[in-house]
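Asker:
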Amino acid sequence: MSNLIDISPEVREALADQRAVVALESTIISHGMPHPQNVETAMAVEAVVRAESAVPATIAVIDGRIKVGLANGELERFGGAKNVAKASRRDLAVALANKATAGTTVAATMAIAEQAGIEMFATGGIGGVHRGADQTFDISADLTELGRTPVSVVCAGCKSILDMAKTLEVLETEGVPVLGYRTDMFPAFFSRASSHKLDHRVETPEAIAEIIRAERNLGSAAGILIANPIPEEDALPADEMEERIAAACREAEAAGVAQKDVTPYLLARINALTGGKSLQANIALVKNNAALAANIAGALTRAP
Ligand code: PSU
Ligand code: MN
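In my numbering, the protein residues as written are 12 to 315.
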């Protein structure tokens, strides 16, 4: 893949010097947030990574090239562009051959990060098993990617557009360790906890780095999922969000939305149904995840 990837000079130097680098995805920019908050958030997230002494590497496909680390102006242009595709792992080759511009999902971003030699990645929420998956079989490729690509992903759990219990089951099947950061419960994105208990709780970035090292020493090729609850002051009431999310799911079904359009449709509807509130929470949790990922990346650069 390496001849298809343009790694920015800053990211290249950081990797060569074995400094901390954090990969960031771009479907959240192209399909997860409205313009211009998408660009503002992407820039703010990069600033958080830098403030925590790591180098941000936003990953996207631009005009048929894989970019790792976007130059000044590229991020603004990408976030404001129309007709940006959504690329999960299986869409990458087609996007490149067509010289397309595409946001990369968690799955595609993990695959690219691994090729570039980046082991930490921060996002908001991962894709998972959708509600009603027993009928639709709609299970995000993010879960299979976590099962086979050795990149550690910090997220705030998942939105309840997904079936959390089934999502956790598939992560177990895929052999993916799920670590609760200072929590016993899988976080529910907008709120700090769900009713789903996690097997593993960790208290520090250093402890997470130790687990990542152990996973690699085992020869495992699996990713690791770090579940980081939204900060208390940014959390939203779970019951209120649940109502809106359920409404968005009903609308999607009634409108016959299917396949890769499901998640972007739901994200846009939730943003609309909750006004600015959910977007503010979303922005806050992504920044919070970026800071933790930078701290874990830093811990990984230090000898145990
Ligand atoms: N969930 C969110 N925000 C997002 C996404 C999911 O709360 O931006 C995006 C991520 O890029 C994720 C993708 O990898 O949607 C999953 O899409 P799908 O369900 O089609 O695999
Ligand atoms: Mn899907």
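Every residue, glycine too, gets a C-beta built ideally from N, C-alpha and C.
Just so you know, these numbers come straight off a predicted model, no measurement behind them.
Does the Cβ of Glu214 have 16 or more other Cβ atoms within 10 Å, making it buried, or fewer, making it exposed?
Answerer: Sequence index remark: in the sequence shown, residue 214 carries index 203 (1-based). Its Cβ having fewer than 16 others within 10 Å, Glu214 is exposed.
Asker: Starting from Arg261, follow the alpha helix (DSSP H) in both directions and report where the run begins and ends.
Answerer: Walking along the sequence shown from the start, residue 261 turns up at place 250. Ala249 to Ala265 is the extent of the alpha helix (DSSP H) around Arg261.
Asker: Assuming Ile18 contacts Val79 under a Cβ cut-off of 8 Å, what Cβ separation, rounded to an integer in Å, is found between them?
Answerer: Counted from its first residue, the sequence shown places residue 18 at position 7. Counted from its first residue, the sequence shown places residue 79 at position 68. So it is a contact: roughly 5 Å between Cβ atoms.
Asker: Report, in whole angstroms, the separation of the C-beta atoms of Asn328 and Gly75, which I expect to be a contact under 8 Å.
Answerer: No answer is possible for residue 328: it lies beyond the span of the chain, which begins at 12 and ends at 315.
Asker: Consult DSSP for Phe89 and reduce its assignment to one of helix, strand or coil.
Answerer: By 1-based counting over the sequence shown, the position of residue 89 is 78. Looking at Phe89 - three-state DSSP - the assignment turns out to be helix.
Asker: Just the C-alpha distance for Arg61 and Ile237, rounded to the nearest angstrom, thanks.
Answerer: Taking the first residue of the sequence shown as 1, we reach residue 61 at position 50. Taking the first residue of the sequence shown as 1, we reach residue 237 at position 226. The straight-line gap from Cα to Cα measures roughly 20 Å.
Asker: Starting from Arg212, follow its DSSP beta bridges and name the residues at the other end.
Answerer: On the sequence shown, residue 212 is found 201 positions in, with the first residue counted as 1. In the DSSP output, where bridge partners are listed per residue, Arg212 has Gly191.
Asker: Between Ala232, Ala269 and Ala199, which lies nearest to Ala246 when the distance is taken from Cα to Cα?
Answerer: Reading the sequence shown from its first residue, position 235 is the one you call residue 246. Ranking Ala232, Ala269 and Ala199 by Cα distance to Ala246 puts Ala199 first.
Asker: For the 8 Å Cβ check, are there 3 or more pairs between the segment 239-257 and the segment 115-126?
Answerer: no
Asker: Is the segment 269-279 touching the segment 219-233, taking contact as three or more C-beta pairs under 8 Å?
Answerer: no
Asker: Throw me the rounded Cβ distance for the Asn299 and Glu63 pair, which I believe falls under 8 Å.
Answerer: Mapped onto the sequence shown, residue 299 falls at position 288. Mapped onto the sequence shown, residue 63 falls at position 52. Not really, about 11 Å apart at Cβ, beyond 8 Å.
Asker: Could you have a look at Ala124 and say whether DSSP puts it in helix, strand or coil?
Answerer: The count along the sequence shown starts at 1 and reaches residue 124 at position 113. Helix at Ala124.
Asker: With which residues is Val140 paired in a DSSP beta bridge?
Answerer: Within the sequence shown, the letter at position 129 stands for residue 140. Beta-bridge pairing links Val140 to Ile150.
Asker: Under 8 Å, do Val33 and Ala304 count as touching if we go by C-beta distance?
Answerer: Residue 33 sits at position 22 when you count from the first residue of the sequence shown. Residue 304 sits at position 293 when you count from the first residue of the sequence shown. In contact: Val33 and Ala304 (Cβ atoms closer than 8 Å).
Asker: By the DSSP assignment, the beta strand (DSSP E) with Ala238 in it spans what residues?
Answerer: Here the question's residue 238 lines up with position 227 in the sequence shown. Element bounds for Ala238: Ile235 to Ala238.
Asker: Measuring only the C-alpha atoms, how far is Val59 from Phe132?
Answerer: In the sequence shown, the residue the question calls residue 59 occupies position 48. In the sequence shown, the residue the question calls residue 132 occupies position 121. Approximately 13 Å, taken between the alpha carbons.
Asker: Assuming Val56 and Gly91 form a contact by the criterion Cβ under 8 Å, report the distance between their Cβ atoms to the nearest whole angstrom.
Answerer: Against the sequence shown, residue 56 aligns to sequence position 45. Against the sequence shown, residue 91 aligns to sequence position 80. 17 Å between Cβ atoms; not a contact.
Asker: Three-state secondary structure (DSSP) at Asp17?
Answerer: The residue labelled residue 17 in the question sits at position 6 within the sequence shown. Strand at Asp17.
Asker: Which value, in whole angstroms, describes the spacing of the CA atoms of Leu190 and His211?
Answerer: Working through the sequence shown from its first residue, we reach residue 190 at position 179. Working through the sequence shown from its first residue, we reach residue 211 at position 200. Straight-line measurement puts the Cα of His211 at about 5 Å from the Cα of Leu190.
Asker: Going by alpha carbons, who is nearest to Lys93 out of Glu264, Ala111 and Ala104?
Answerer: For this step, residue 93 is matched to residue 82 along the sequence shown. For the residues Glu264, Ala111 and Ala104, the minimum Cα distance to Lys93 belongs to Ala111.
Asker: Is any non-hydrogen atom of the ligand PSU found closer than 7 Å to the C-beta of Val117, if you look at the structure I gave you?
Answerer: One-based indexing of the sequence shown puts residue 117 at position 106. True, at least one ligand heavy atom lies under 7 Å from that Cβ.
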